[in-house]
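Novice: The following block contains the structure, expressed as structure tokens.
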Amino acid sequence: MSTAAITEVLREQARAFARHAYAPFSKTPVAAVFLCEDGTIIPGVRVESASFSLSLPALLNAYTTAVSAGYRSKLAGAALSRPIEDRDAHYLSSLPDLSIAPAANDAWLSRSPLPDPAEVLDPRLPLGPSADVSTNDGILAARDAAQAAYVPSSDFRVGAVIETENGSFFPGANVEHPDWARILCAERNAAGTARTYGEPSARRVFLTCLEDAGGTPCGACRQVLAELAPDAALWMDRHSEPPEKSAPDELLPGFFEGTQLLRDGVVSSTEEKPS
Ligand code: THU
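Just so we're aligned, residue 24 is where the sequence shown starts under the working numbering, counting upward by one.
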């Protein structure tokens, strides 16, 4: 397949996934896809938070899904559902072990021979039906998800699994970055992946910190889980003790909902304009 044809496939996939974006504040849905060396396509959508700085850009969401699926150093290209802006280019250039360059206004590709795009990744774990998945099974799945963590800064592996109302199980691991402000926690990685695949409502969240039997979600994850998974039960791994149950609204009472930000015209769209 020619580079132009490959770019077209990636662009079309990104545009198709953009409808799963969660952009109630900017009202500008965006999606990105990565092309893996084996042809697998990995999407990610923009997921906004009422606390704007906690929003997941589409590229970050796609990249962290790719890392969780074991593709961290096996990526060959990326495309967006809209033109690539300076901040996207900066992010792509900043990713460790990724060597891709501009190929079109909405795509960056590797200079090595490119694979033909193949299937879109299905990140769902082979678990279920839900009624057969015990709390312990969920915790074991979270421990497994933590194995994919990329943690050169902390050596602190975290794994999360989100079970959706559809009965799917989405894994997430923490993905670190030389710029700590761009590190994504395991919980938000899993939540972002579930959104990308069009499964917004969570039933259970399983969380493990492999190196800390007392681990709980950080403040940023509490905010995002309160917004995106308000009705979920949260199960935290306590290692040799039984898992501890909590809930997003219990962990962050009075969280910022940003209701006033949803009024038409209150927030102008900034996503499509270069800052
Ligand atoms: N981390 C998580 O993945 N989830 C949390 O709730 C706490 C923190 C990760 C982020 C970073 O990679 C490392 O743990 C240290 O903060």
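For each residue, glycine too, the CB sits at the ideal point set by N, CA and C.
Computed from a prediction, not measured in an experiment: that's the story for all the values here.
(1) Could you tell me whether the region 104-111 touches the region 268-285, where touching means 3 or more Cβ pairs closer than 8 Å?
(2) Less than 6 Å separating the Cβ of valine 181 from some heavy atom of the ligand THU?
(3) Compute every distance between the C-beta of proline 240 and the non-hydrogen atoms of the ligand THU, then say whether any falls below 6 Å.
(4) Do threonine 26 and valine 198 come within 7 Å of each other at the CB atom, strictly closer than that value?
(5) Suppose only complete runs of 4+ residues qualify. What are the alpha helix (DSSP H) ranges in the region 127-201, listed by chain order?
(6) Taking a contact to mean a Cβ-Cβ separation below 7 Å, would you say threonine 63 touches proline 146 in this structure?
(7) Does the Cβ of glutamate 108 lie closer than 6 Å to at least one heavy atom of the ligand THU?
(8) With distance defined between alpha-carbon atoms, name the residue in Asp167, Ser176 and Ser191 nearest to glycine 182.
(9) Is the beta carbon of arginine 141 sitting closer than 7 Å to the one on leucine 132?
(10) Would you tell me roughly how many angstroms separate the C-alpha atoms of threonine 219 and asparagine 84, rounded to the nearest one?
(11) Can you confirm whether alanine 225, when its beta carbon is compared against all beta carbons of chain C, has any partner nearer than 7 Å?
(12) Restricting to Cα atoms, I'd like to know which of Ala55, Leu77, Arg34 and Cys59 is closest to phenylalanine 48.
(13) Measuring only the C-alpha atoms, how far is leucine 33 from tyrosine 94?
(14) If you draw a straight line from the C-alpha of tryptophan 203 to the C-alpha of valine 174, how long is it?
(15) Taking a contact to mean a Cβ-Cβ separation below 7 Å, would you say alanine 37 touches isoleucine 65 in this structure?
(16) Can you check the region 74-105 for any alpha helix (DSSP H) of at least 4 residues that lies completely inside it and give the ranges in chain order?
(17) Any chance the CB of serine 91 is under 6 Å from a heavy atom of the ligand THU?
(18) Within 10 angstroms of the Cβ of phenylalanine 75, are there 16 or more other Cβ atoms? Answer buried if so, exposed if not.
(19) With a Cβ-Cβ cutoff of 7 Å, do alanine 81 and alanine 55 count as a contact?
(20) Using only the alpha-carbon positions, how far apart do isoleucine 185 and alanine 214 sit?
(21) Using alpha carbons as the reference points, say which of Ala209, Ala112, Ala270 and Arg69 lies closest to arginine 226.
(22) Would you tell me roughly how many angstroms separate the C-alpha atoms of alanine 165 and alanine 171, rounded to the nearest one?
(23) Mind checking glutamate 295: buried by the 16 CB within 10 Å criterion, or exposed?
(24) So is serine 116 buried or exposed if we call it buried at 16+ other beta carbons inside 10 Å?
(25) Name the residue from Leu121, Arg42, Asp129 and Gly238 whose alpha carbon lies nearest to the alpha carbon of glutamate 264.
(26) Output the distance between the C-alpha atoms of glycine 151 and serine 91, rounded to the nearest integer angstrom.
(27) How would you label glycine 161, buried or exposed, when you count the other beta carbons within 10 angstroms and need 16 or more for buried?
(28) Per DSSP, what are the beta-bridge partners of isoleucine 64 in this structure?
Specialist: So, from the listed chains and residues:
(1) Two segments are said to touch when three or more pairs of C-beta atoms, one from each, lie closer than 8 Å; by this definition the region 104-111 does not touch the region 268-285.
(2) At least one heavy atom of the ligand THU is nearer than 6 Å to the Cβ of valine 181, so yes.
(3) Proline 240 has its Cβ nearer than 6 Å to a heavy atom of the ligand THU.
(4) No, Cβ-Cβ distance for valine 198 and threonine 26 is not below 7 Å.
(5) Counting only runs of 4 or more, we get 158-169.
(6) No, these two residues do not count as a Cβ contact at 7 Å.
(7) No - the ligand THU has no heavy atom lying nearer than 6 Å to the Cβ of glutamate 108.
(8) Closest in alpha carbon position to glycine 182, among Asp167, Ser176 and Ser191, is Asp167.
(9) Reading off the sequence, residue 141 comes out as alanine, not arginine. Their beta carbons are not under 7 Å apart, which means alanine 141 does not touch leucine 132 by this criterion.
(10) In a straight line, the C-alpha of threonine 219 is about 8 Å away from that of asparagine 84.
(11) In the structure shown, chain C does not exist; there is a single protein chain.
(12) Taking only the C-alpha atoms, the option nearest phenylalanine 48 is Leu77.
(13) Taking the straight line from one Cα to the other gives about 17 Å.
(14) Rounded to the nearest whole angstrom, the C-alpha separation of tryptophan 203 and valine 174 is 11 Å.
(15) Their beta carbons are not under 7 Å apart, which means alanine 37 does not touch isoleucine 65 by this criterion.
(16) Counting whole runs of 4 or more residues, the region 74-105 contains the alpha helix (DSSP H) stretches 81-91.
(17) Not so, every heavy atom of the ligand THU lies at least 6 Å from the Cβ.
(18) The residue is exposed, with fewer than 16 neighbouring Cβ atoms inside 10 Å.
(19) Yes. Within cutoff.
(20) Straight through space, the alpha carbons of alanine 214 and isoleucine 185 are spaced by roughly 7 Å.
(21) For arginine 226, the closest alpha carbon among the candidates Ala209, Ala112, Ala270 and Arg69 is that of Ala270.
(22) Pairing alanine 165 with alanine 171, the inter-Cα distance amounts to about 10 Å.
(23) With a pLDDT of 47 at glutamate 295, under the threshold of 50, the modelled position of this residue cannot be trusted; read the value that follows with caution. Classification for glutamate 295: exposed.
(24) The residue is exposed, with fewer than 16 neighbouring Cβ atoms inside 10 Å.
(25) Gly238 is the residue among Leu121, Arg42, Asp129 and Gly238 whose C-alpha sits nearest the C-alpha of glutamate 264.
(26) Between glycine 151 and serine 91, the C-alpha separation is close to 20 Å.
(27) Counting the other CB atoms within 10 Å of its CB gives glycine 161 a total of 16 or more, which places it among the buried residues.
(28) Beta-bridge pairing links isoleucine 64 to Leu58 and Val143.
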